[in-house]
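Working notes, structure below.
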Amino acid sequence: MKTVKAAFKASIPIMAGYIFLGIAFGVLLSKENYNFLWALGMSIFIYAGSMQMVAVSLLAGQNDLLTVALTTLTVNARHIFYGIAMLSRFKNMGKYKPYMIFSLTDETFSLLCSVKVPKDVDERKFKFFISLFDQCYWIIGCVVGNILGSNLPFSFKGIDFVMTAFFTVVAVEQWLGAKKHSPHLVGLFAAVFCLFIFGKDKFLIPAMLLIAFLLIVMKKPIEGSPSLLKEDDLNE
Amino acid sequence: MNSIYSLAIVTVIAVMTFVTRALPFAVFSRIKVPRPIEYLGKFLPYAVTTMLVVYCLKDVDFLSGSYGIPELVSIFATILIHLWKRNTILSIFSGTILYMVIVNFI
Numbered sequence: 252m253k254t255v256k257a258a259f260k261a262s263i264p265i266m267a268g269y270i271f272l273g274i275a276f277g278v279l280l281s282k283e284n285y286n287f288l289w290a291l292g293m294s295i296f297i298y299a300g301s302m303q304m305v306a307v308s309l310l311a312g313q314n315d316l317l318t319v320a321l322t323t324l325t326v327n328a329r330h331i332f333y334g335i336a337m338l339s340r341f342k343n344m345g346k347y348k349p350y351m352i353f354s355l356t357d358e359t360f361s362l363l364c365s366v367k368v369p370k371d372v373d374e375r376k377f378k379f380f381i382s383l384f385d386q387c388y389w390i391i392g393c394v395v396g397n398i399l400g401s402n403l404p405f406s407f408k409g410i411d412f413v414m415t416a417f418f419t420v421v422a423v424e425q426w427l428g429a430k431k432h433s434p435h436l437v438g439l440f441a442a443v444f445c446l447f448i449f450g451k452d453k454f455l456i457p458a459m460l461l462i463a464f465l466l467i468v469m470k471k472p473i474e475g476s477p478s479l480l481k482e483d484d485l486n487e
Numbered sequence: 073m074n075s076i077y078s079l080a081i082v083t084v085i086a087v088m089t090f091v092t093r094a095l096p097f098a099v100f101s102r103i104k105v106p107r108p109i110e111y112l113g114k115f116l117p118y119a120v121t122t123m124l125v126v127y128c129l130k131d132v133d134f135l136s137g138s139y140g141i142p143e144l145v146s147i148f149a150t151i152l153i154h155l156w157k158r159n160t161i162l163s164i165f166s167g168t169i170l171y172m173v174i175v176n177f178i
């Protein structure tokens, strides 16, 4: 129970974001005349924020399945990075591992990478419940938004900034916790550079490739001597 | 809308999404993780987080309209509040409320 409580507390930063973004998705889906069962099914089985938004237009256009598959691969290619980062972190997740992999969204990934596990809790259970709570928030948002449709009680304009603020805070925490800051700057630089060159619809994959390239080129200065690494890095 | 075909679309999206998430685990379940991949795994979380901040801002038009000022001001405020109190929830909510106030009332 203590573990579940701690996980709930750790998942709160995601709560508002997922509920409101879920609502935005639900509203969008209801405009295409898909009822709450669709919102429920999609949030349970797809569970990927930006992809579900794209899914609404794929559904609206009734696109062919090959296009659907390729679009999904392109939009979600960044997940491959999360998997690579989690290879060692999920090694000991045991029976929870399949769900941890399935539920690895941008926000959950970011939270799991930065969260401090409280001393007296079961780490595996703690991380599993963080992931589970996150998905519950998302499901609630999607279904509520779909049922409300366009009858929203107040304006949500600007609420999507909650996710920007979340990643900003995680970035600040990671910055403060690391000795070397080149990886953070590499990510920032590569993303801005590729956004400028390739435009907003195509920049993510080039940015990821550039990040991987720069990190590998800068391996020596980033890794330094092992004794310079903080305990956190070594544990991971 | 054709329900059966829509169901096929949703299924394909769900399967392909899981494929992107499971791929690295599937590839490296039998073979040992190569050193460069292990190294990337260690430092990617840092680079990816700053990339995701930019990703959140991809639809902002910095050349016209409000020139991205509400976003940059709110991000800066979020950082300052976080450095001051180191309270994640406080930082996220105050940054978001500030942003909502700016875009709705100014």
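Line by line, the protein sequences give chains A and B.
Positions in the first sequence are counted from 1; adding 251 to them yields my numbering.
Positions in the second sequence are counted from 1; adding 72 to them yields my numbering.
Think of the CB as a built atom: it goes at the ideal place given N, C-alpha and C, for glycine as much as any other residue.
Keep in mind the model is a prediction, meaning the values are calculated, not measured.
Item, Value
"Just how far apart, CA to CA, sit Leu446/A and Pro142/B?", "19 angstroms"
"Going by C-alpha distance, which of Lys104/B, Tyr111/B, Arg102/B is nearest Lys470/A?", "Tyr111/B"
"Under DSSP, the alpha helix (DSSP H) around Ser382/A begins and ends at which residues?", "374-399"
"Residues in the stretch 348-362 of chain A with C-beta within 7 angstroms of chain B's C-beta atoms, listed in sequence order?", "Ile352, Phe353, Leu355, Asp357, Ser361"
"Using a beta-carbon distance cut-off of less than 8 angstroms, what residues from the stretch 106-126 of chain B approach chain A?", "Pro108, Ile109, Glu110, Tyr111, Leu112, Gly113, Lys114, Phe115, Leu116, Pro117, Tyr118, Ala119, Val120, Thr121, Thr122, Met123, Leu124, Val125, Val126"
"Taking 7 angstroms as the limit between beta carbons, can you name the residues of its chain near Leu272/A, skipping five residues before and five after?", "Gly300, Gly392, Asp411, Met414"
"How would you list, in chain order, the residues of chain A whose beta-carbon sits under 8 angstroms from the beta-carbon of Val84/B?", "Leu316, Val319, Ala320, Thr323"
"For Thr356/A, name the three-state secondary structure that DSSP assigns.", "coil"
"Compute the beta-carbon to beta-carbon distance between Tyr388/A and Tyr298/A, rounded to the nearest angstrom, for a pair I have assumed lies under 8 angstroms.", "Actually they are not in contact, since the Cβ atoms of Tyr388/A and Tyr298/A sit about 11 angstroms apart, beyond 8 angstroms."
"Residues of chain B with CB under 9 angstroms from Gln386/A, in chain order?", "Under the 9 angstroms cutoff, chain B gives no residues; its nearest Cβ is about 13 angstroms from Gln386/A."
"Would you call Met459/A buried or exposed, if buried means 16 or more other Cβ atoms sit within 10 Å of its Cβ?", "buried"
"I'd like to know if Ser78/B contacts chain A, where contact means its C-beta is closer than 9 angstroms to some C-beta of that chain.", "yes"
"Going by beta carbon distance, what residues of the same chain come within less than 6 angstroms of Phe380/A, once the five residues before and after it are set aside?", "Val255, Ala258"
"Hey, does Tyr298/A have any beta-carbon neighbour from chain B nearer than 9 angstroms?", "yes"
"Is there at least one Cβ from chain B nearer than 9 angstroms to Asn343/A's Cβ?", "no"
"Please return the same chain residues whose Cβ sits closer than 8 angstroms to the Cβ of Ser401/A, not counting the five positions on each side in sequence.", "Val278, Ser281, Lys282"
"Pro96/B: which of Phe332/A, Lys342/A, Ser354/A, Val395/A sits nearest, CA to CA?", "Phe332/A"
"Along the alpha helix (DSSP H) that carries Arg340/A, what are the first and last residues, could you check?", "Premise fails: Arg340/A is in no alpha helix (DSSP H) and is neither H nor E."
"What three-state label does DSSP hand Gly428/A in the structure shown?", "helix"
"Return the CA-CA distance between Leu427/A and Leu162/B, expressed in angstroms with no decimal places.", "18 angstroms"
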